Amino acid sequence: MSATPAKIVIGISLDAEDSAELLSWAIRNVAHPNDTIVALHVLVTEGMTKPGARRKEETKEWKSIARYQTQIRKAKAFVISVMADFAKTCQSNQVKLEARVGFSSGVGRGLIEEARGISAQFLLISSSRNRSNR
116 MSATPAKIVI
126 GISLDAEDSA
136 ELLSWAIRNV
146 AHPNDTIVAL
156 HVLVTEGMTK
166 PGARRKEETK
176 EWKSIARYQT
186 QIRKAKAFVI
196 SVMADFAKTC
206 QSNQVKLEAR
216 VGFSSGVGRG
226 LIEEARGISA
236 QFLLISSSRN
246 RSNR
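First residue of the sequence shown? That's 116 in my numbering, and the numbers climb one at a time after it.
What follows is the structure in structure tokens.
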């Protein structure tokens, strides 16, 4: 009897070393064959509104998102570059990799919303502590 494949969301920061370390840890310790690892970077957007916003505010929100397209492309390229070193390992372990960039009014909120949205079984984030304190 085989286990149901899991979806594992990994919060990717702009610190390539920390992000690679977290991705490596997830591949070694959490992922199993047929699982999917979703490397997610969340952009914080000032134009985002609280849930339940009125229609007019939602329109403003989408206009705000359009301004972030270049930033989104750069963030996605960064996430892909972090993941590149792990492609062969994941392929040999039969683990799928996905790169995503989301946007939200806060990083934590965006990570949680995305994890819920794809019914992820795991959400992994790196500690914000300074490396010298580890």
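Note that CB positions come from ideal geometry on N, CA and C, so glycine has one too.
Here the structure is a predicted model, which is why all the values come from computation and not from measurement.
Based on the DSSP output, what are the partners of residue i in its beta bridges?
i	result
residue 219	159
residue 212	152
residue 239	125
Cβ atoms of residue j and residue i: under 8 Å apart, would you say?
i	j	result
residue 157	residue 237	no
residue 152	residue 204	no
residue 145	residue 222	no
residue 197	residue 154	yes
residue 226	residue 126	yes
Quick one: give me the first and last residue of the alpha helix (DSSP H) that residue i is part of.
i	result
residue 250	In the structure as shown, the chain starts at 116 and stops at 249, and residue 250 therefore has no counterpart that could be examined.
residue 193	184-199
residue 202	202-207
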